Amino acid sequence: MWSLLCTIIYFMLSPMCTPISASSKIVQLLAILRAKNAESVSPLTWFISAFTNLTRVFTIWMDSADILLLGNFIISVLLSSSIMFSALYYRMRPVKQD
């Protein structure tokens, strides 16, 4: 009975991981792009996030090839990399004084 309940909960909550993870990263990316300022964002943190997600893509691909998990981590790699590159771009860009 407990096993069945855990399985049901897993299949109900698992599809929600990608939208929750992606929405927070999209909000962060939009905030950087709108402000054209990334002083409060650490590119190293987002590099670690992207690299960790990339290693998870590799291990999931080799272990189970679970499409749902692969999709989640591929999206996370793309969004974390986008935040990292936008943070690097806006940090290296000279700030215009009004």
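Here the sequence shown stands for residues -22 to -1, 1 to 76, where the numbers follow mature numbering (1 follows the signal peptide of the UniProt record, and there is no 0). We treat Cβ as the ideally placed atom computed from N, Cα and C, and that holds for glycine. Nothing here was measured: the structure is a model prediction, and the numbers come from that model.
In this structure, the straight-line span from the alpha carbon of Thr33 to that of Leu7 is close to 22 Å. Distance from the CA of Met(-22) to the CA of Trp24, rounded to the nearest whole angstrom, comes to 41 Å. Cβ atoms of Tyr68 and Asn15 come within 8 Å of each other, at about 6 Å. With a threshold of 16 other beta carbon atoms within 10 Å, Leu(-18) falls short and is exposed. Residues Leu7 of the same chain have their beta carbon placed closer than 7 Å to that of Ser60, with the five preceding and five following residues left out of the count. The Cβ neighbour count for Ala28, taken over all protein chains shown within 10 Å, is at least 16; the residue is labelled buried.
Taking C-beta atoms as the reference points, Pro(-4) and Met62 fail to come closer than 8 Å.
With respect to Val35, Ile52 sits close: the two C-beta atoms are nearer than 8 Å. By alpha-carbon distance to Met70, the top candidate from Val19, Lys3, Ile4 is Val19.
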